[in-house]
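Going down the list, the protein sequences come from chains P and S. Counting along the first sequence from 1, when you hit position 206 you're at 206 in the numbering used here, and nothing is skipped either side. Each number in the numbering used here comes from the position in the second sequence (counting from 1) with 388 added on. We put the CB at the ideal spot given by N, CA and C, even for glycine. Please read all numbers here as calculations on a predicted model, not as lab measurements. Scroll down for the structure; my scribbles are underneath it.
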Amino acid sequence: MRSLLLVRYGEIALKGKNRRFFINRLQENIVAGLRDIKDCRLMQLDGRLFVEVGPADVLKCREKLSKIFGIVSVSPVVVAQNSLESIREAALTAFREKARPGLRFKVETKRVDKRFPLTSPEVSSSIGAWLLQNLPGLAVDVHSPEQLLEIEIREKEAYVFTEKLPGPGGLPVGVSSKALLLISGGIDSPVAGWMAMKRGVTLEALHFHSFPFTGERSLEKVFDLCRLLADWGGSIRLHIAHFTKIQQEILAKTPEKLLVTLLRRMMFRVANHLAERTGALALVTGENLGQVASQTLESLRAIEQVAALPVLRPLIGFDKEEIIALARRIQTYPVSIRPFEDCCTIFVPPHPETRPGLAAVAAAEAPLDVEGLVSSCLETIETHILSR
Amino acid sequence: MKKHVYLDNSATTRVVPEAMAAMREVLEKTYGNPSSPHRLGLEAERVLHASRRALAAACGAREEEIIFTSGGTEANNLALKGASLRNVRRGRHLVTTKVEHASVLQVCRALEKQGFTVTFLDVNAGGLVEPEQVAEALRPDTVLVSVMHVNNEVGAIQPVEEIGRLIKAKNSGIIFHVDAVQSLGKLQVHPAGWHADLVSFSAHKIHGPKGAGALYCRAGLELEPLLHGGSQEKALRPGTENVSGIAGFAAALRLCTERREETLAYLAGLRQRLLSGIQAQIQGTACNGPDTAAPNIASVTFSDVKGEVLMHALDERGIFVSTGAACHSRRPEPSHVLLAMGVPEKAIASTLRFSLSAENTAEEIDYTLEQLVEVVADLRRMKRR
Chain P
1 MRSLLLVRYG EIALKGKNRR FFINRLQENI VAGLRDIKDC RLMQLDGRLF
51 VEVGPADVLK CREKLSKIFG IVSVSPVVVA QNSLESIREA ALTAFREKAR
101 PGLRFKVETK RVDKRFPLTS PEVSSSIGAW LLQNLPGLAV DVHSPEQLLE
151 IEIREKEAYV FTEKLPGPGG LPVGVSSKAL LLISGGIDSP VAGWMAMKRG
201 VTLEALHFHS FPFTGERSLE KVFDLCRLLA DWGGSIRLHI AHFTKIQQEI
251 LAKTPEKLLV TLLRRMMFRV ANHLAERTGA LALVTGENLG QVASQTLESL
301 RAIEQVAALP VLRPLIGFDK EEIIALARRI QTYPVSIRPF EDCCTIFVPP
351 HPETRPGLAA VAAAEAPLDV EGLVSSCLET IETHILSR
Chain S
389 MKKHVYLDNS ATTRVVPEAM AAMREVLEKT YGNPSSPHRL GLEAERVLHA
439 SRRALAAACG AREEEIIFTS GGTEANNLAL KGASLRNVRR GRHLVTTKVE
489 HASVLQVCRA LEKQGFTVTF LDVNAGGLVE PEQVAEALRP DTVLVSVMHV
539 NNEVGAIQPV EEIGRLIKAK NSGIIFHVDA VQSLGKLQVH PAGWHADLVS
589 FSAHKIHGPK GAGALYCRAG LELEPLLHGG SQEKALRPGT ENVSGIAGFA
639 AALRLCTERR EETLAYLAGL RQRLLSGIQA QIQGTACNGP DTAAPNIASV
689 TFSDVKGEVL MHALDERGIF VSTGAACHSR RPEPSHVLLA MGVPEKAIAS
739 TLRFSLSAEN TAEEIDYTLE QLVEVVADLR RMKRR
């Protein structure tokens, strides 16, 4: 039998005039997300979104839907006509496989169509009684049920369901313009990128490669991380910039303890230009407050001074454990902890300056040909499009 | 054309056309199951038989003493677990060295968990174990001794013949295993001369395919199989034989056995060219290993340069080598072999292994030297003040 999955979206329903735009985007994302599943169809019935899918692909379909931002929950539903008889049959169908002797259950009804002849409590008690009659051994428990049977009566049809699978929430990717993620290969930046996507951002990513200090495998790691992110956002454009020359210049001409600050300022400058080129309106980083020595407010200020765009730092208030938990949930963690050095760990001096002053940073940067370095770094950029 | 210089032949080798042809023949034509009674099965069995004969001939063994496996790791596992578990009534003590391959060391660790005691022998600065050390470590309950022939990281050649002689003189019942994965086809391999009961081999280190290997098991010695199933390989290695892989193995082996003597001299010349070039042109280098190492392996420390970074830089110039330290975590994990030889951790992190094959040329060595000189100088300049 074919399954019907009711797809609920949350806050996008609230967005006034933009509602249409948001829902269209969500629909496009669902269609794109399910394109590998041949036997399925997205439908709009009675103002709600449904995915109809053949029996072989139900699980795969659920899995895909669980990664589409904007979806709050998904329920496999049985559709009934707006009559008590039809709802009874549907309830029996929906509940049959859950039923077992002793199961304590409750029926909850929501009546959108107030013209329906019975009130919600009346429908609930009528269906409850019907189930008790037809499925022996059940027990009603309205206070702490083990199993809910929910009925939603709308204008044209009624839906009966027993499950609500949580979606990722957030906003459909694509509704919030574009941002550029600075991705390292570590644990934090992919999570930051995921959080930006969750707010509807179309993500591009920029990685700084320091060959020969980092090798092919560390690049492969970044590719894999972007592929995982693409699973949530359709596809990711990954830009690889060769950073070794800048690192060498900074190593040769500036005080060691400002190394990290200066490197990051250069990264931001490269990112500014790339963002302009690609139409990104913000930068996203995995920076956090106080997690490592270079992530003090002084340090963030010194780095952000050169940013030409807003810098989004979705992880700013997270503890490391929280970031790791999220990284595990979105499956980037095992890739991030693969043992290849990335550009952030390789040159870290033993005693980095934790509170760089702006004047000191400017003085340290003076011997560098900042513009020349940035433009030659921009020339090295190679772009790859990664998709799930 | 971009240069391509492969100097990582101890990791694996390119399959030679002769092996490829033998494999192709099997995959396309002789694809029967050697256990099938029909003609196609018989033909496959003949291929298997001819391959077994080739390997037996190469190491002076009898055909029934060769058990084909999936490679060196399986051969080592079958040797150590198979012999130890079969002989628990005689004791639960094993002797090996600290510089063995992981597929010996980790099997020993696993056996320790099953109640075995293992003596891990130290090696000297050249990576060598003294035969007397082995003899002294033997106990009445010693079941097995495992010593590799050629070390894969530094090329140290263990005195397996003398070790075997001392073991058997003390107690002929003690089983002697030699991991000859790195020496087959290069040095002379003769289990009987070593007094060895078990010897491990692998195909892909000698220009054969990955996924094929063998264990020499002296006639009369009984092993406990790792896998249970059909009666292939005397029921010691059940499962339909990897006929194509084995045919490729035999073809590769025939080739390097024919040319062994000349290859030996040729490789020694290349190695010398590389080492003396490095010594003459790059300051602050040291060769790890004994004076008389295998002719195909050279382990060199380049002080003040990170091995991994040097490897990446050579990679970009089309030269493929391996590092002395595997980066298993944020902090690289130093090679257990170099550690056992007393090389300081800092030097280990600056070590590269060059491993040669007969396919390498003097021009390739010269190109490598030229690039090394340039890259090492660059990287040292870049080093933090």
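Alpha helix (DSSP H) segments (min. 4 residues) lying fully within the segment 308-353 of chain P: 320-329, 333-336, 343-346
Contact criterion: CB-CB distance below 8 Å. Does G174 (chain P) meet it with respect to chain S? Stepping through the first sequence from its first residue, residue 174 (chain P) is reached at position 174. Not closer than 8 Å to any Cβ of chain S, the Cβ of G174 (chain P) fails to qualify, so no.
As assigned by DSSP and simplified to three states, the class of H700 (chain S): The sequence position of residue 700 (chain S) within the second sequence is 312, counting from 1. Reduced to three states, the DSSP call for H700 (chain S) is helix.
If you draw a straight line from the alpha carbon of E416 (chain S) to that of L228 (chain P), how long is it in whole angstroms? Residue numbering aside, residue 416 (chain S) sits at position 28 when the second sequence is read from its first letter. Residue numbering aside, residue 228 (chain P) sits at position 228 when the first sequence is read from its first letter. In a straight line, the C-alpha of E416 (chain S) is about 40 Å away from that of L228 (chain P).
Using a Cβ-Cβ distance under 8 Å, would G286 (chain P) count as near chain S? Start at 1 with the first residue of the first sequence, and residue 286 (chain P) comes out as number 286. No, because no Cβ of chain S sits closer than 8 Å to the Cβ of G286 (chain P).
Verify whether the separation of the beta carbon atoms of C675 (chain S) and S687 (chain S) is less than 8 Å. In the second sequence, residue 675 (chain S) corresponds to position 287, counting from 1. In the second sequence, residue 687 (chain S) corresponds to position 299, counting from 1. In this structure, S687 (chain S) lies closer than 8 Å to C675 (chain S) by Cβ.
Cβ-Cβ distance between G286 (chain P) and A196 (chain P) below 8 Å: Numbered from 1 along the first sequence, position 286 holds the residue referred to as residue 286 (chain P). Numbered from 1 along the first sequence, position 196 holds the residue referred to as residue 196 (chain P). Cβ atoms of G286 (chain P) and A196 (chain P): not closer than 8 Å.
So does the segment 250-262 of chain P actually touch the segment 346-366 of chain P, counting three or more Cβ pairs closer than 8 Å? yes
Residues of chain P with CB under 7 Å from A701 (chain S), in chain order? Residue numbering aside, residue 701 (chain S) sits at position 313 when the second sequence is read from its first letter. Residues of chain P passing the Cβ test: P212.
Quick one, which of S:V511, S:F564, S:E612 has its alpha-carbon nearest V531 (chain S)'s? The residue given as residue 531 (chain S) occupies position 143 in the second sequence. Nearest option by C-alpha distance: S:F564.
Determine the DSSP secondary structure at Y755 (chain S), reduced to helix, strand or coil. To locate residue 755 (chain S), count along the second sequence from 1; it is residue 367. Here Y755 (chain S) sits in helix by DSSP.
If we define contact as Cβ-Cβ less than 8 Å, is C344 (chain P) a contact residue for chain S? The count along the first sequence starts at 1 and reaches residue 344 (chain P) at position 344. With a pLDDT of only 47 at C344 (chain P), under the threshold of 50, the placement of this residue in the model should not be trusted; the figure read from the coordinates follows. Output row for C344 (chain P): interface = no.
Determine the closest residue to N464 (chain S) out of S:A653, S:L727, S:Q570, with distance taken between C-alpha atoms. Counting from one through the second sequence, the residue named residue 464 (chain S) turns up at place 76. N464 (chain S) has its Cα closest to that of S:Q570, out of S:A653, S:L727, S:Q570.
Three-way DSSP call (helix, strand, coil) for I707 (chain S) in this model: Within the second sequence, numbered from 1, the residue matching residue 707 (chain S) stands at position 319. Three-state result, I707 (chain S): strand.
Does Q392 (chain P) get closer than 8 Å to chain S when you measure Cβ to Cβ? There is simply no residue 392 (chain P) to check, as chain P begins at 1 and stops at 388 in what is shown.
Does G608 (chain S) pass the burial test, meaning 16 or more other C-beta atoms within 10 Å, or should it be called exposed? The count along the second sequence starts at 1 and reaches residue 608 (chain S) at position 220. By the 10 Å Cβ count, G608 (chain S) comes out exposed.
Please check if any C-beta of chain P sits within less than 8 Å of the C-beta of E704 (chain S). Counting from 1 along the second sequence, the entry for residue 704 (chain S) is found at position 316. At least one chain P Cβ lies under 8 Å of E704 (chain S).
With DSSP run on the structure shown, which of helix, strand or coil describes M729 (chain S)? As a first step, residue 729 (chain S) is located in the second sequence; it is residue number 341 there, counting from the start. Reduced to three states, the DSSP call for M729 (chain S) is coil.
Cβ atoms of I183 (chain P) and Y333 (chain P): under 8 Å apart, would you say? For the purposes of this step, residue 333 (chain P) is identified with residue 333 of the first sequence, where counting begins at 1. For the purposes of this step, residue 183 (chain P) is identified with residue 183 of the first sequence, where counting begins at 1. Their beta carbons are not under 8 Å apart, which means Y333 (chain P) does not touch I183 (chain P) by this criterion.
Within 10 Å of its beta-carbon, does P367 (chain P) have 16 or more other beta-carbons around it, so buried, or fewer, so exposed? Stepping through the first sequence from its first residue, residue 367 (chain P) is reached at position 367. Answer is exposed; the Cβ neighbour count stays below 16.
Which whole-angstrom value is the C-beta distance of F456 (chain S) and E704 (chain S), which I expect to be below 8 Å? Translated into the one-based positions of the second sequence, residue 456 (chain S) becomes position 68. Translated into the one-based positions of the second sequence, residue 704 (chain S) becomes position 316. Actually they are not in contact, since the Cβ atoms of F456 (chain S) and E704 (chain S) sit about 39 Å apart, beyond 8 Å.
Who are the near neighbours of V374 (chain P) in its chain, counting only those whose CB is closer than 6 Å to its CB and skipping five residues on each side? Position 374 of the first sequence, counted from the first residue, corresponds to residue 374 (chain P). Counting only Cβ-Cβ distances below 6 Å, and skipping sequence neighbours, we find R269, V270.
Distance cutoff 8 Å, beta carbons only. Does G215 (chain P) sit that close to anything in chain S? Along the first sequence, one-based indexing puts residue 215 (chain P) at 215. Taking Cβ atoms only, chain S reaches closer than 8 Å to G215 (chain P), which makes this a yes.
For the putative contact between T590 (chain S) and G459 (chain S), defined by C-beta atoms under 8 Å, what is the C-beta separation to the nearest angstrom? Here residue 590 (chain S) corresponds to residue number 202 of the second sequence, with the count starting at 1. Here residue 459 (chain S) corresponds to residue number 71 of the second sequence, with the count starting at 1. What sits at residue 590 (chain S) in the sequence shown is Ser, not Thr. Confirmed, Cβ separation roughly 5 Å.
Min CB distance V335 (chain P) to chain S below 8 Å: For the purposes of this step, residue 335 (chain P) is taken as residue 335 along the first sequence, with counting starting at 1. Judged by the 8 Å Cβ criterion, V335 (chain P) is not in contact with chain S.
CB contact check: L219 (chain P) to chain S, cutoff 8 Å: Residue mapping note: residue 219 (chain P) aligns to position 219 of the first sequence, counting from 1. Cβ-Cβ to chain S under 8 Å: no for L219 (chain P).
Quick one: does V764 (chain S) have its CB under 8 Å from some CB of chain P? One-based indexing of the second sequence puts residue 764 (chain S) at position 376. Not an interface residue.
Check K178 (chain P) in the structure and name its three-state DSSP category. Your numbering for residue 178 (chain P) matches position 178 in the first sequence. Residue state, collapsed to three classes: strand.
Any non-hydrogen atom of the ligand MG closer than 7 Å to S75 (chain P) Cβ: No copy of the ligand MG appears in this structure; indeed no ligand is present at all.
Let me know if Q305 (chain P) comes out buried or exposed under the rule of 16 or more other beta-carbons within 10 Å of its beta-carbon. As a working mapping, residue 305 (chain P) is identified with position 305 in the first sequence. Exposed, because fewer than 16 other Cβ atoms sit within 10 Å of the Cβ of Q305 (chain P).
Classify R154 (chain P) as helix, strand or coil using the three-state DSSP reduction. Here residue 154 (chain P) is taken as the residue at index 154 of the first sequence, counted from 1. If DSSP states are grouped into helix, strand and coil, R154 (chain P) belongs with coil.
Between which two residues does the alpha helix (DSSP H) harbouring E298 (chain P) extend? Indexing the first sequence from 1 puts residue 298 (chain P) at position 298. That run of the alpha helix (DSSP H) goes 297-304.
Could you tell me the alpha carbon to alpha carbon distance between L283 (chain P) and P310 (chain P), rounded to whole angstroms? The residue given as residue 283 (chain P) occupies position 283 in the first sequence. The residue given as residue 310 (chain P) occupies position 310 in the first sequence. Straight-line Cα distance between these residues: approximately 6 Å.
DSSP three-state label for I68 (chain P), please. Taking the first sequence and counting its residues from 1, the one referred to as residue 68 (chain P) is at position 68. Reduced to three states, the DSSP call for I68 (chain P) is coil.
Anyone know if the C-beta pair for A94 (chain P) and V107 (chain P) falls short of 8 Å? Residue mapping note: residue 94 (chain P) aligns to position 94 of the first sequence, counting from 1. Residue mapping note: residue 107 (chain P) aligns to position 107 of the first sequence, counting from 1. Cβ distance not < 8 Å, so A94 (chain P) and V107 (chain P) don't count as in contact.
From L263 (chain P) to P547 (chain S), what does the alpha carbon distance come to, in whole angstroms? One-based indexing of the first sequence puts residue 263 (chain P) at position 263. One-based indexing of the second sequence puts residue 547 (chain S) at position 159. L263 (chain P) and P547 (chain S): Cα-Cα distance of roughly 53 Å.
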